[in-house]
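Let me begin by presenting the structure, written as structure tokens, before commenting on it.
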Ligand code: MN
């Protein structure tokens, strides 16, 4: 059974109203401006991957919530393309391989960073753990101040309640799996 994909703006508004946050409070929690949040909610602006991440992190909900339908009993993945947040000319591409299941509490993503790209992530809530495994290319990953270099087949698991950054200093793109565990499965649709 296929369901319509959520629209990020509608999901944002649903989450915001459920928490009873004003646009100003939401701006303070996510680091995204009030004006931008309003535009996204009204469907006037399509958020960048970076902005969607800020919103997801500010609400402590998984990224996939904004780009996949609700989980069903059996989820077949035919192509990650269908679950990618479409954005042209973005140095970072994210696909959510499976919808988020609150019972299980994890997101499984494929992230692709173009040559030279840097993606900075603010701290997630305490208890959030990321598992990064490089599929192809070379990734530099900073946890706090400490940089690590990971080649294809190598991985890193870390407590993501500190700021962290993903960087591709090479001349080829890097692809990695990111499995992010959200304890308590707080994401309510
Ligand atoms: Mn992160």
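In the numbering used here, the protein residues as written are 193 to 381. Even for Gly, the Cβ is constructed at its ideal location relative to N, Cα and C.
Report all residues for which the CB-ligand distance to some heavy atom of the ligand MN is below 6 Å; order them along the chain.
If you measure from each CB to the nearest heavy atom of the ligand MN, the residues under 6 Å come out as 313, 316, 322, 352, 356.
May I ask which residues mark the beginning and end of the alpha helix (DSSP H) holding residue 295?
No alpha helix (DSSP H) holds residue 295; DSSP gives it neither H nor E.
My understanding is that residue 370 touches residue 301, with C-beta atoms under 8 Å, so please give their C-beta distance in whole angstroms.
4 Å
Pick helix, strand or coil for residue 241, following the three-state DSSP scheme.
helix
Given that a residue counts as buried once 16 or more other Cβ atoms are within 10 Å of its Cβ, and exposed if not, what is residue 342?
buried
Leaving out five residues on either side along the sequence, give the residues of the same chain with a beta carbon under 8 Å from the beta carbon of residue 219.
225, 226, 229, listed in sequence order.
So, with DSSP's three-state summary, where would you put residue 327?
strand
Would the beta-carbon of residue 310 fall within 8 Å of that of residue 368?
No, they are not a contact pair.
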